[in-house]
Every structure is written in C-alpha cells, then in structure tokens.
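For what it's worth, the numbering used here labels the leading residue of the sequence shown as 6, then goes sequentially.
The C-beta atom is built at its ideal place from N, Cα and C for all residues, glycine as well.
Each remark here refers to the structure printed beneath this line.
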Amino acid sequence: MKKFLLKLLLFAAIFFIIDKLFYVFIHVSPNYQVDNRIELLLQGKINKDIIVLGSSRGAMNIIAGQIEKETKQSAYNIAFPGSDVEFHEFILKTLLKYNKKPKTIIFAVDESLELIPTTSITYRLDRLYPLVKYNYINQELIRRGDRNFTSWFMCLSRLNKTNFALERKPTKFDSILPCGSMPVNFEDTKYTKPYKYEIPSYSIAKESSVKKAAYQSILKQCEANNIQVVFAFSPNFVAHSKAFENRIRDLALPNSKFFIYDTTNSVYQNKLYFYDESHLNQKGAAIFTSELSAFLNQMPQK
Numbered sequence: 006m007k008k009f010l011l012k013l014l015l016f017a018a019i020f021f022i023i024d025k026l027f028y029v030f031i032h033v034s035p036n037y038q039v040d041n042r043i044e045l046l047l048q049g050k051i052n053k054d055i056i057v058l059g060s061s062r063g064a065m066n067i068i069a070g071q072i073e074k075e076t077k078q079s080a081y082n083i084a085f086p087g088s089d090v091e092f093h094e095f096i097l098k099t100l101l102k103y104n105k106k107p108k109t110i111i112f113a114v115d116e117s118l119e120l121i122p123t124t125s126i127t128y129r130l131d132r133l134y135p136l137v138k139y140n141y142i143n144q145e146l147i148r149r150g151d152r153n154f155t156s157w158f159m160c161l162s163r164l165n166k167t168n169f170a171l172e173r174k175p176t177k178f179d180s181i182l183p184c185g186s187m188p189v190n191f192e193d194t195k196y197t198k199p200y201k202y203e204i205p206s207y208s209i210a211k212e213s214s215v216k217k218a219a220y221q222s223i224l225k226q227c228e229a230n231n232i233q234v235v236f237a238f239s240p241n242f243v244a245h246s247k248a249f250e251n252r253i254r255d256l257a258l259p260n261s262k263f264f265i266y267d268t269t270n271s272v273y274q275n276k277l278y279f280y281d282e283s284h285l286n287q288k289g290a291a292i293f294t295s296e297l298s299a300f301l302n303q304m305p306q307k
C-alpha cells in the first residue's frame, strides 16, 4: 500500500510539473488575437466619453472615430459581431469594472432579434478563450459553465484548442480601426434581394426571459453609474419595424434616448450602401454615423 501511495504521489508530482509547462500557451495566447479590444478593457485602456455597445450592427454601422470628430467627444466601439445581449452585458460590466465610466452608451440594437433566441447572435465565448490568463475571464467561463473549478489550479483545465493556434488568422471582416469600429468596404455578392417595403411584425411571445434580463441589467448598470443610454436603430435593407421599436421603448428606462435612422432617406433603400440585408457598408455607415453624431450634438451635455 505504501509503495502504491508513493507511485501515486510521484505521478501527481510529474503531472503537476507537466501541467505547469502548458502555462506558456496561456500566457502568450493574447498576443495572437486579431481583435484585442477585450484585453484593452481588462487593462483599463478604454476611457472614453462615448462607448458603442452591441453586435455587428454596432461594430460595422457606427464609426466611433467619426463620432469623435463630429461631436468633439472621445469615442470608442466595443461592439462585437455575432454577439448577443448577454455578451453585451458582460462587456459593459467589464468596461465599468476596469475603466473610467463613459458619459454615454450607444446601444446598437439588433432589429428585431435583440431579445429573441437565434443562432446568428450568441454569447461569444470564443472571444474569451485567448484571455484565460486573466482570472476575471476564467471566472466568467466558469459562470457560463464552460470551465469548472479545476481551472483555478490546473493549466490544462483553462486551455482550449484555440490557445494552441499561435498565429494570427484575420478574415476580411477583421479590419478593426483604431477607434474599435469595423466598417466593411465590400458587399455580399450573394445577396441580390430587393428592398423590402413591407413592415415586419414582432412577436413578444418569442422573447427569452434570460435575454430580457440581460437587457434590463445593462440599463440598470447605466442608471446606477449616471450614464446616458442612447438606443441606436440602424437600417436594414427592409422597412423599419415600428413594433420592435415600441417594444424596446416599453422596456427602456424613462431617461433613455432613441435614435432612429432617417427612414425617408432613399440611401437606405439603395443596395450600393449595404453589405447585406442587415449591415451597411463603409459608405452607408458614414452616412448613418453622421446622422447619429447630429443627434448626439443636440443632446444636453452632462
């Protein structure tokens, strides 16, 4: 029995040493990110007056650098393509934990999927995997059920296969500007459908209680920190859903502001200004951002 215990102890010691050798992958993973905005948040480097929050409609349709020039307020975009409102809540919480609070949050809502479960926008765990050297990120992965308690003391438990991909593999969508925005200068050639004039309906019954809670948490965090929330509705290549807008208004706090793109502007019915049905290209984003800047300039300054 004693010999068995000694072998077991030796095995545990060897495994412990080997496990710690994998720390190098944990340590260097952040260096191989194409998008390092979350790490900048963790390092307290995003201290701006105006912050853009949301998914691809925020990342691609709103150019923070242009807002900065047109409003004379500092601005940065932390919207992540493919992310849902639960992820937006985490990003905002991280921003407020490690950085100076902004004056204004521009919440770029996903018309009309903001509160409805869909595979097109999800919680972007893949954006967290390269950052597991940060205990804050490890804790979030545990909270989401993606890791367990062993990741606090075992390197292998923190690692994902992406941590071993020690090379940058940017795609054509990964052209992130210094302001954090990601406008696209090309179009989806596969999208050839005409503009849809029929106004979309909206079903409250399809909403997720979890997503609605995350949405309300964002508003409460902003209220607690005296941050002005501006809901930004950017154009789809389809008529604006007034029913969705009204639902967002109903769930918003009384002091929230709402910016809806100029629905009478024929530009937003012209395919030349869109990447696809749900996203503007860089030309369209510049026009939309200019409208948004004018709206921000009309707001009272805190």
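In this chain, the alpha helix (DSSP H) harbouring residue 76 covers 69-76. Cβ contact annotation for residue 165 (same chain, cutoff 7 Å, sequence separation greater than five): 134, in chain order.
For secondary structure counted as the alpha helix (DSSP H) over 4 or more consecutive residues, the segment 175-225 holds no complete run.
Residues 193, 196 of the same chain have their beta carbon placed closer than 6 Å to that of residue 281, with the five preceding and five following residues left out of the count. Secondary structure of residue 32 (DSSP, three-state): helix. Our two residues, residue 140 and residue 305, have alpha carbons roughly 39 Å apart in a direct line. Here residue 224 is buried, its C-beta having at least 16 other C-beta atoms within 10 Å.
In the DSSP assignment, residue 111 falls within the beta strand (DSSP E) that extends over 109-113.
Counting C-beta pairs closer than 8 Å gives fewer than three between the segment 41-50 and the segment 62-77, which falls short of the contact rule. For residue 93, the secondary structure class from DSSP, reduced to helix, strand or coil, is helix. Per DSSP, reduced to three states, the secondary structure at residue 55 is strand. Between residue 143 and residue 34, the gap from beta carbon to beta carbon reaches 7 Å or more. Looking at the DSSP output, residue 234 shares a beta bridge with 110. Within the same chain, 207, 209 come within 7 Å of residue 252 by CB-CB distance, once the 5 residues on both sides are set aside. Its Cα nearest to that of residue 131, the residue 40 stands out among 51, 239, 40. Taking a cut-off of 8 Å for Cβ pairs, the segment 49-60 and the segment 146-160 do not touch, as fewer than three such pairs fall below it. Between residue 96 and residue 111, the C-beta spacing is not below 7 Å.
For the segment 233-288, the full-length alpha helix (DSSP H) segments reaching 4 residues or more read 247-256 along the chain. Annotated three-state conformation of residue 82 is strand, per DSSP.
Within a 10 Å sphere around the beta-carbon of residue 179 sit fewer than 16 other beta-carbons, which makes this residue exposed. Contact between the segment 211-220 and the segment 112-129 is established, with three or more Cβ pairs separated by less than 8 Å. Beta-carbon to beta-carbon, residue 189 and residue 286 are separated by about 5 Å, close enough to satisfy the 8 Å threshold. Taking 7 Å as the cut-off, the Cβ atoms of residue 227 and residue 81 do not count as close.
For the options 72, 105, 88, 93, the alpha carbon positioned closest to that of residue 51 is the one of 105. Between the C-alpha atoms of residue 187 and residue 150 there is a straight-line separation of about 30 Å.
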